[in-house]
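Novice: Here's a structure for you.
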Amino acid sequence: MTYHESILEAVGDTPLVRLARIDRDLPATILAKLEFMNPGGSHKDRIAVAMIDQAERSGALVPGATIVEATAGNTGVGLAMVAAVRGYRCVFAVPDKMSTEKVALLKAYGAEVVTTRTDVPPDSPLSYDSVAERLLREIPGSWRPRQFANAVNPATHYSVTGPEIWRQSGAHVDTFVAGVGTGGSISGIARYLKEQNPKLKVIGADPIGSILSGGDAGSWSVEGIGEDYFPDTYDASVVDRWERVSDADSFAAARRLAREEGILAGGSAGTALHAAIEAARTAVEGSVIVVFLPDTGRNYLTKLHSDEWMMQQDFWSGETSDITCAKVLAHKRGMPPLVSVRPETRACDVARMMTAYGISYVPVTDNGMIFGDVDDLTLLHLVHGGADLSVLQVKDLMRQTLPLLDENESVDRAYRILGGGPAGVIITRGGYALGFLSRSDLIDYWADRAHVEEFSL
109 MTYHESILEA VGDTPLVRLA RIDRDLPATI LAKLEFMNPG GSHKDRIAVA MIDQAERSGA
169 LVPGATIVEA TAGNTGVGLA MVAAVRGYRC VFAVPDKMST EKVALLKAYG AEVVTTRTDV
229 PPDSPLSYDS VAERLLREIP GSWRPRQFAN AVNPATHYSV TGPEIWRQSG AHVDTFVAGV
289 GTGGSISGIA RYLKEQNPKL KVIGADPIGS ILSGGDAGSW SVEGIGEDYF PDTYDASVVD
349 RWERVSDADS FAAARRLARE EGILAGGSAG TALHAAIEAA RTAVEGSVIV VFLPDTGRNY
409 LTKLHSDEWM MQQDFWSGET SDITCAKVLA HKRGMPPLVS VRPETRACDV ARMMTAYGIS
469 YVPVTDNGMI FGDVDDLTLL HLVHGGADLS VLQVKDLMRQ TLPLLDENES VDRAYRILGG
529 GPAGVIITRG GYALGFLSRS DLIDYWADRA HVEEFSL
């Protein structure tokens with residue numbers, strides 16, 4: 109019989125797989141290190157086991173203690189998995205951009221989660237690192253692995269992951285490509301591989317907005333890689349060059365990986381894959397590129413692997429419809445293209461207009477100029493509060509909540525906006541109001557179009 113004593117013995121020895129369809133027309137062979145096949149779903153399982161082992165040996169972590177950490181999810185999952193086996197409590201500070209799947213996963217392992225803001229500088233008391241420090245002070249008997257400063261992090265990849273890759277590749281790796289979060293994986297693996305092949309080149313794949321690759325600091329949507337500071341666990345000397353990758357290119361590459369290779373990976377894997385493909389285009393014939401794929405795409409089913417989310421975030425790279433907003437507007441029946449009121453219109457008249465046309469929003473315009481809009485919820489609150497709508501004017505109630513779209517914009521753009529929350533969009537011509545499109549207008553247009561196409565078959 110062959111079996112493991114616990115799930116922790118299954119960590120590591122993940123497969124190295126050729127991306128035969130993606131590299132088919134490229135001069136180089138691309139091999140992917142599938143780290144999501146660790147039991148917790150990412151490469152962070154490796155360092156979670158190693159850091160806890162070291163802390164137990166040193167006496168820093170004792171039975172009944174609480175593990176506290178700042179994590180984008182994957183390290184937390186690894187720590188929570190080890191904690192479940194060994195009987196520790198876990199409390200994690202996580203960034204608010206983390207996917208709902210990751211948060212749910214942490215909780216499924218029994219971890220407690222504290223959500224923190226990402227729109228603050230690293231030294232802010234509201235950052236996830238600062239919140240983790242506060243939790244460490246407040247929780248008696250707690251221990252923090254400090255993955256961004258713990259030397260066990262890169263050492264684990266140097267002693268275990270690097271040798272795995274070298275062995276699995278048949279001692280032939282010309283280029284290694286990986287993203288950088290804590291920097292532990294790229295630092296440890298690259299150091300080992302360069303010792304085996306001094307000519308090996310290392311490419312860092314970095315989101316646009318991260319300072320690691322240079323340039324101005326900004327924001328990005330890819331999770332788990334890119335930083336606004338240089339972690340202690342990152343050795344900058346191992347990176348020979350950088351490939352800066354946009355969110356859109358990262359997500360497109362991850363989605364392509366699933367559709368062409370049957371490999372469902374996360375956004376950071378897409379960042380690394382995009383960089384690997386770019387490197388392969390100019391590579392020497394027969395060379396081997398190893399790309400590091402950190403985590404599973406199952407953590408992002410409601411994000412990058414969702415067509416709707418990609419559309420709403422304006423990352424969609426599918427076919428763009430040649431149907432314009434003006435064409436849909438011209439299709440509207442039973443009411444004018446634009447039902448609007450002036451700023452001086454009485455609120456009671458707006459209420460009657462909404463009832464007559466069965467609408468919830470009315471744009472506020474004057475000679476085509478757009479001033480805002482009034483919605484039925486605002487009127488409902490006023491009436492419930494006892495307000496006299498006959499003495500109130502629109503200019504006292506209006507807000508600016510409805511987005512604007514030029515008439516020549518694709519209807520796909522209107523779909524992405526309406527699918528993300530707003531009940532309607534104001535269609536403009538030269539900056540002046542031309543019409544109003546609601547969700548029902550789009551449904552009506554597409555339903556009629558489908559009926560015509562079916563009838564013509």
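Take this note's numbering: the last position of the sequence shown gets the number 565, and nothing is skipped along the way. Each residue gets a CB set at the ideal place from its N, CA and C atoms; glycine is no exception. Remember, predicted model here, so these are calculated numbers, not experimental data.
Report the residue ranges of all alpha helix (DSSP H) runs contained in full by the stretch 308 to 352; include only those spanning at least 4 residues, in chain order.
Specialist: Complete alpha helix (DSSP H) runs here, min 4: none at all.
Novice: I160 to G405, Cα distance in whole Å?
Specialist: The residue given as residue 160 occupies position 52 in the sequence shown. The residue given as residue 405 occupies position 297 in the sequence shown. Approximately 26 Å, taken between the alpha carbons.
Novice: Residue range of the alpha helix (DSSP H) that F423 falls in?
Specialist: For the purposes of this step, residue 423 is taken as the residue at position 315 of the sequence shown. It is not in any alpha helix (DSSP H) - F423 carries neither H nor E in the DSSP assignment.
Novice: Taking only three categories from DSSP, how would you classify A140?
Specialist: As a position in the sequence shown, residue 140 is number 32, starting the count at 1. DSSP places A140 in strand when its eight states are reduced to three.
Novice: List the endpoints of the continuous beta strand (DSSP E) containing P203.
Specialist: For the purposes of this step, residue 203 is identified with residue 95 of the sequence shown, where counting begins at 1. Per DSSP, P203 belongs to the beta strand (DSSP E) from R197 to P203.
Novice: Taking only three categories from DSSP, how would you classify F256?
Specialist: Here residue 256 corresponds to residue number 148 of the sequence shown, with the count starting at 1. Coil at F256, not helix or strand.
Novice: Which whole-angstrom value describes the C-beta separation of M145 and G181, a residue pair presumed to lie in contact below a C-beta threshold of 8 Å?
Specialist: Locating residue 145 in the sequence shown gives position 37, where the first residue counts as 1. Locating residue 181 in the sequence shown gives position 73, where the first residue counts as 1. Going by Cβ atoms, the distance from M145 to G181 rounds to 17 Å, so no, they are not a contact pair.
Novice: Determine, using beta-carbon pairs with one atom in the stretch 404 to 419 and one in the stretch 371 to 384, whether at least three such pairs fall under 8 Å.
Specialist: Because the criterion of three Cβ pairs below 8 Å is met, the stretch 404 to 419 and the stretch 371 to 384 touch.
Novice: Please name the residue, chosen from T379, G375 and A257, that lies closest to L59 on a Cα-to-Cα basis.
Specialist: Any question about residue 59 goes unanswered here, given that the chain covers just 109 to 565.
Novice: Write down every uninterrupted run of the alpha helix (DSSP H) in the stretch 459 to 499 whose length is 4 residues or greater and which is fully enclosed by it, in chain order.
Specialist: 484 to 492, all fully within the stretch 459 to 499.
Novice: Is H413 buried or exposed, if buried means 16 or more other CB atoms sit within 10 Å of its CB?
Specialist: Here residue 413 refers to the residue found at position 305 when the sequence shown is read from its first residue. Buried is the call here.
Novice: For R242, which option in L213, R126, F200 and A257 has the closest C-alpha, if you only look at C-alpha atoms?
Specialist: Taking the first residue of the sequence shown as position 1, residue 242 is located at position 134. Checking every option, the nearest Cα to that of R242 belongs to F200.
Novice: What runs of the alpha helix (DSSP H), each 4 residues or longer, lie entirely inside the stretch 361 to 434?
Specialist: The stretch 361 to 434 contains these whole alpha helix (DSSP H) runs: 375 to 389 and 415 to 420.
Novice: Judging by CA-CA distance, which residue of A377, T174 and G296 is the nearest neighbour of N261?
Specialist: Taking the first residue of the sequence shown as 1, we reach residue 261 at position 153. Closest option to N261, Cα to Cα, is G296.
Novice: Give the DSSP-derived three-state secondary structure of L512 in the structure shown.
Specialist: Here residue 512 corresponds to residue number 404 of the sequence shown, with the count starting at 1. If DSSP states are grouped into helix, strand and coil, L512 belongs with the strands.
Novice: If you run the structure through DSSP and keep just helix, strand and coil, what is G249?
Specialist: Your numbering for residue 249 matches position 141 in the sequence shown. Coil.
Novice: Since R299 and D340 should fall inside the 8 Å C-beta cutoff, what is the C-beta to C-beta distance between them, to a whole number of angstroms?
Specialist: The residue given as residue 299 occupies position 191 in the sequence shown. The residue given as residue 340 occupies position 232 in the sequence shown. So it is not a contact: roughly 15 Å between Cβ atoms.
Novice: In whole angstroms, what separates the C-alpha of F256 from that of N475?
Specialist: Taking the first residue of the sequence shown as position 1, residue 256 is located at position 148. Taking the first residue of the sequence shown as position 1, residue 475 is located at position 367. F256 and N475: Cα-Cα distance of roughly 59 Å.
Novice: Does the beta-carbon distance from G480 to V472 come in below 7 Å?
Specialist: For the purposes of this step, residue 480 is taken as residue 372 along the sequence shown, with counting starting at 1. For the purposes of this step, residue 472 is taken as residue 364 along the sequence shown, with counting starting at 1. The answer is yes: Cβ separation under 7 Å.
Novice: Hey, A216 and G186: beta-carbon distance below 7 Å or not?
Specialist: The residue given as residue 216 occupies position 108 in the sequence shown. The residue given as residue 186 occupies position 78 in the sequence shown. Cβ atoms of A216 and G186: not closer than 7 Å.
Novice: Tell me which same chain residues have a C-beta within less than 6 Å of the C-beta of V316, skipping the five on either side of it?
Specialist: Counting from one through the sequence shown, the residue named residue 316 turns up at place 208. In the sequence on display, residue 316 carries Ile and not Val. Excluding residues within five positions, the ones whose Cβ falls inside 6 Å are R352 and S354.
Novice: Pairs of beta-carbons, one from the stretch 525 to 541 and one from the stretch 477 to 495, closer than 8 Å: are there three or more?
Specialist: Touching, yes, given that three or more Cβ pairs across the two stretches are closer than 8 Å.
Novice: Okay, do the stretch 500 to 510 and the stretch 417 to 425 touch, 3+ Cβ pairs below 8 Å being the bar?
Specialist: Not touching, per the Cβ criterion.
Novice: Using 10 angstroms around the beta-carbon of R537, count the other beta-carbons present and answer buried if the total reaches 16, otherwise exposed.
Specialist: As a working note, residue 537 is residue 429 in the sequence shown. R537 comes out exposed.
Novice: Here's the rule: buried if 16 or more other CB atoms are within 10 angstroms of the residue's CB, otherwise exposed. What is V318?
Specialist: The residue you call residue 318 lines up with position 210 of the sequence shown. A quick correction: the sequence has Ser, not Val, at residue 318. Per the 10 Å Cβ criterion, buried.
Novice: Under a Cβ-count criterion, where at least 16 other Cβ atoms within 10 Å of its own Cβ denotes burial, should Y553 be classed as buried or exposed?
Specialist: In the sequence shown, counting from the first residue as 1, residue 553 sits at position 445. It is buried - the Cβ of Y553 has at least 16 other Cβ atoms within 10 Å.
Novice: Determine the burial state of E393: buried for a count of at least 16 other Cβ atoms within 10 Å of its Cβ, exposed for fewer.
Specialist: Translated into the one-based positions of the sequence shown, residue 393 becomes position 285. E393 is exposed by the Cβ-count criterion.
Novice: Assuming A168 and P147 make a contact with CB atoms under 8 Å, what is their CB distance in whole Å?
Specialist: As a position in the sequence shown, residue 168 is number 60, starting the count at 1. As a position in the sequence shown, residue 147 is number 39, starting the count at 1. The pair is not a contact, with the Cβ atoms about 25 Å apart (cut-off 8 Å).
Novice: When you compare only the Cα positions, how much space is there between R547 and K440?
Specialist: Start at 1 with the first residue of the sequence shown, and residue 547 comes out as number 439. Start at 1 with the first residue of the sequence shown, and residue 440 comes out as number 332. Cα to Cα, R547 sits roughly 12 Å from K440.
Novice: With distances taken Cα to Cα, identify the nearest neighbour of K141 among I311, W424, A377 and L401.
Specialist: For this step, residue 141 is matched to residue 33 along the sequence shown. Minimum Cα distance to K141 is reached at L401.
Novice: Who are V157's beta bridge partners in DSSP?
Specialist: On the sequence shown, position 49 is the one that residue 157 refers to. Answer by DSSP bridge pairing: none, since V157 is not bridged.
Novice: Hey, does H280 have any beta-carbon neighbour from chain B nearer than 7 Å?
Specialist: Looking at the structure shown, chain B is missing, and only one protein chain is on hand.
Novice: When you compare each of E515, R521, V399 and T486 to D504 by their alpha carbons, which one comes out closest?
Specialist: Stepping through the sequence shown from its first residue, residue 504 is reached at position 396. Considering only alpha carbons, the answer is T486.
Novice: How close, in whole Å, do the beta carbons of T174 and S250 come, if the pair is a contact with beta carbons under 8 Å?
Specialist: For the purposes of this step, residue 174 is taken as residue 66 along the sequence shown, with counting starting at 1. For the purposes of this step, residue 250 is taken as residue 142 along the sequence shown, with counting starting at 1. Contact holds; Cβ gap of about 4 Å.
Novice: Is it buried or exposed, I551, if we count other Cβ atoms within 10 angstroms and call 16 or more buried?
Specialist: Stepping through the sequence shown from its first residue, residue 551 is reached at position 443. So I551 counts as exposed.
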